[in-house]
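Engineer:
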Amino acid sequence: METILLVLLVMVLATFLAGIKIVRPTHRGLIERLGKYHTFANPGFHWIIPFIDQMYKVNTTEQMVDAQPQEIITNDNLNARVDAQVYFRVIETEASVKSSLYNVNDYKIQIVNLARSTLRNIIGTLTLRSANSERGKMNAELHTTLKNETANWGIIIIRTELKEIDPPKDVQETMNKVVKAENEKIAAIDYATAAETVADGVKRAKIKEAEGYKRAKVLHAEGEAEAIKLVNVAADEYFTGNAQLLRKLEALEKALSSNTKIVLPSGSELINVIGEMAGVLPVPVKTETTEARKQDRVPSPVY
Numbered sequence: 001m002e003t004i005l006l007v008l009l010v011m012v013l014a015t016f017l018a019g020i021k022i023v024r025p026t027h028r029g030l031i032e033r034l035g036k037y038h039t040f041a042n043p044g045f046h047w048i049i050p051f052i053d054q055m056y057k058v059n060t061t062e063q064m065v066d067a068q069p070q071e072i073i074t075n076d077n078l079n080a081r082v083d084a085q086v087y088f089r090v091i092e093t094e095a096s097v098k099s100s101l102y103n104v105n106d107y108k109i110q111i112v113n114l115a116r117s118t119l120r121n122i123i124g125t126l127t128l129r130s131a132n133s134e135r136g137k138m139n140a141e142l143h144t145t146l147k148n149e150t151a152n153w154g155i156i157i158i159r160t161e162l163k164e165i166d167p168p169k170d171v172q173e174t175m176n177k178v179v180k181a182e183n184e185k186i187a188a189i190d191y192a193t194a195a196e197t198v199a200d201g202v203k204r205a206k207i208k209e210a211e212g213y214k215r216a217k218v219l220h221a222e223g224e225a226e227a228i229k230l231v232n233v234a235a236d237e238y239f240t241g242n243a244q245l246l247r248k249l250e251a252l253e254k255a256l257s258s259n260t261k262i263v264l265p266s267g268s269e270l271i272n273v274i275g276e277m278a279g280v281l282p283v284p285v286k287t288e289t290t291e292a293r294k295q296d297r298v299p300s301p302v303y
């Protein structure tokens with residue numbers, strides 16, 4: 001009798017221990033009884049009836065699935081190796097957790113398949129160049145499609161990332177050469193533009209220099225003209241009718257300042273003026289006629 005009681009006690013203890021279930025804060029649970037949904041299990045301690053109840057735990061944290069690399073033919077008939085990653089999580093509510101288990105069979109596999117087919121549809125309408133340059137647009141379109149298609153799965157698509165879009169090796173080498181040539185072309189244009197800018201600067205500097213020289217000449221000529229005008233005014237005021245004589249005096253003054261010897265004919269107006277100004281009588285100059293006259297006056301010898 002005691003043995004039977006001990007056996008029964010052990011069985012009861014084993015059954016109790018077998019029914020203990022602990023749900024972590026990162027998970028939610030669904031308890032089914034005899035194949036039917038029974039209750040929702042929040043984080044914490046739960047006890048179910050062994051062999052009658054069954055608990056299914058669902059991870060509600062953010063998860064990532066890889067869409068796996070695949071070969072896709074682009075619109076320009078080139079093969080591109082495409083890979084993508086999808087980030088999602090199951091919503092914590094009871095209805096969403098139930099939908100993730102009852103509305104879709106293994107939502108992770110379904111997300112991968114859906115992402116692969118969506119990528120084929122998107123990239124198939126694009127050229128390889130546009131596919132590489134419009135990743136943001138493709139990510140947005142992939143995210144929108146997955147979000148709409150999984151709306152009744154109890155999950156939320158957080159973001160999608162195109163991991164790689166690799167063309168064939170020979171095509172990639174050709175594209176690299178094209179990009180290099182375009183960069184060299186841009187560099188050459190920039191260099192030519194810089195050289196043209198320098199040339200324009202030099203040209204403007206030369207023009208400014210010529211304009212400055214021209215302006216200096218004009219100002220100098222205007223100054224000379226103004227000086228001549230003032231001289232003429234002074235000559236008219238102080239030497240009325242003798243402007244040309246004044247110019248001769250100026251020329252004579254310059255010549256005398258440099259100790260230049262000047263012989264002028266006697267009796268000229270300039271000599272008279274100089275004599276009057278300096279108080280010196282004009283010096284007579286011997287001429288051939290005077291000498292001849294003197295010779296005529298010498299008496300002839302008497303024999």
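In full-length UniProt numbering, the protein residues as written are 1 to 303. We put the CB at the ideal spot given by N, CA and C, even for glycine.
Using 10 angstroms around the beta-carbon of TYR107, count the other beta-carbons present and answer buried if the total reaches 16, otherwise exposed.
Structural biologist: Looking at its Cβ environment, which holds 16 or more other Cβ atoms inside 10 Å, TYR107 is buried.
Engineer: Give the C-beta separation of GLY124 and ILE73 to the nearest angstrom, bearing in mind that I take them to be a contact with Cβ-Cβ under 8 Å.
Structural biologist: Yes, they are in contact, since the Cβ atoms of GLY124 and ILE73 sit about 7 Å apart, within 8 Å.
Engineer: Which stretch, first to last residue, makes up the beta strand (DSSP E) that contains ASN59?
Structural biologist: Taken as a continuous stretch (DSSP letters only), the beta strand (DSSP E) holding ASN59 covers 53 to 59.
Engineer: Go ahead and label PRO25 buried or exposed: buried means 16 or more other beta carbons lie within 10 angstroms of its beta carbon, across all protein chains shown.
Structural biologist: It counts as exposed.
Engineer: Going by beta-carbon coordinates alone, are PRO167 and ALA80 separated by less than 7 Å?
Structural biologist: In this structure, ALA80 lies closer than 7 Å to PRO167 by Cβ.
Engineer: For ILE48, name the three-state secondary structure that DSSP assigns.
Structural biologist: Coil at ILE48, not helix or strand.
Engineer: Could you check the C-alpha separation between TRP153 and LEU30 for me, to the nearest Å?
Structural biologist: Going by the C-alpha atoms only, they are around 15 Å apart.
Engineer: Tell me whether ILE165 sits in a helix, a strand or coil according to DSSP, three-state version.
Structural biologist: Of the three classes helix, strand and coil, the one that applies to ILE165 here is strand, per DSSP.
Engineer: With a Cβ-Cβ cutoff of 7 Å, do ARG28 and VAL97 count as a contact?
Structural biologist: Contact: yes.
Engineer: Kindly give me the distance between the Cβ atoms of ILE155 and SER100, rounded to whole angstroms, as I take these residues to be in contact under 8 Å.
Structural biologist: That pair is a contact at about 6 Å.
Engineer: Do VAL82 and LEU114 have their C-beta atoms closer together than 7 Å?
Structural biologist: Result no, Cβ atoms of VAL82 and LEU114 do not sit closer than 7 Å.
Engineer: Is the separation between the beta-carbon of residue 361 and that of VAL179 shorter than 7 Å?
Structural biologist: Nothing about residue 361 can be read from this structure; the chain reaches only from 1 to 303.
Engineer: Tell me whether THR127 sits in a helix, a strand or coil according to DSSP, three-state version.
Structural biologist: Of the three classes helix, strand and coil, the one that applies to THR127 here is coil, per DSSP.
Engineer: Taking the beta strand (DSSP E) that THR39 falls in, what are its first and last residues?
Structural biologist: Counting along the chain, the beta strand (DSSP E) containing THR39 begins and ends at 36 to 41.
Engineer: If you count every other CB in all the chains shown that lies within 10 Å of the CB of PHE88, and 16 or more means buried, which is it?
Structural biologist: The residue is buried, with at least 16 neighbouring Cβ atoms inside 10 Å.
Engineer: Rank VAL7, ILE49, VAL58, LYS36 by C-alpha distance to the C-alpha of VAL23 and give the top, closest one.
Structural biologist: For the residues VAL7, ILE49, VAL58, LYS36, the minimum Cα distance to VAL23 belongs to VAL58.
Engineer: Skipping 5 residues on each side, what residues in its chain have a beta carbon closer than 6 Å to that of THR39?
Structural biologist: Cβ neighbours of THR39 beyond the five flanking positions: ILE31.
Engineer: Going by CA-CA distance only, name the one from LEU128, TYR56, ILE52, ALA227 that's closest to GLU94.
Structural biologist: GLU94 has its Cα closest to that of TYR56, out of LEU128, TYR56, ILE52, ALA227.
Engineer: Go ahead and label ALA181 buried or exposed: buried means 16 or more other beta carbons lie within 10 angstroms of its beta carbon, across all protein chains shown.
Structural biologist: Its Cβ having fewer than 16 others within 10 Å, ALA181 is exposed.
Engineer: So, is the C-beta of HIS143 closer than 7 Å to a C-beta in chain B?
Structural biologist: Of the protein chains in the structure, only one exists, and it is not chain B.
Engineer: Just to confirm my understanding: we take ALA14, look at its own chain, exclude 5 residues before and 5 after, and list those with CB closer than 7 Å. What are they?
Structural biologist: So no residue of the chain qualifies.
Engineer: By how many angstroms is the C-alpha of ARG215 removed from the C-alpha of VAL283?
Structural biologist: Bear in mind that the predicted position of VAL283 carries a pLDDT of just 48, short of 50, making it unreliable; the figure below should be weighed with that in mind. Computed Cα separation, rounded: 49 Å.
Engineer: May I have the straight-line CA-CA distance separating ASN132 from THR193, to the nearest angstrom?
Structural biologist: Each residue's alpha carbon lies about 31 Å from the other.
Engineer: Measuring alpha carbon to alpha carbon, tell me which residue in ARG33, GLY35, LEU34, PRO50 is nearest GLY19.
Structural biologist: Looking at the Cα atoms, PRO50 is the closest of the given residues.
Engineer: Grab the span of the alpha helix (DSSP H) containing ARG135 for me, first residue to last.
Structural biologist: Residues 135 to 149.
Engineer: Exposed or buried, which one is LEU8 when buried takes at least 16 other CB atoms within 10 Å?
Structural biologist: Flag for LEU8 reads exposed.
Engineer: Give me the Cα-Cα distance between ARG204 and LYS217, rounded to the nearest whole angstrom.
Structural biologist: Whole-angstrom Cα-Cα distance: 20 Å.
Engineer: Taking all protein chains shown into account, do 16 or more other C-beta atoms lie within 10 angstroms of the C-beta of THR197, making it buried, or fewer, making it exposed?
Structural biologist: Flag for THR197 reads exposed.
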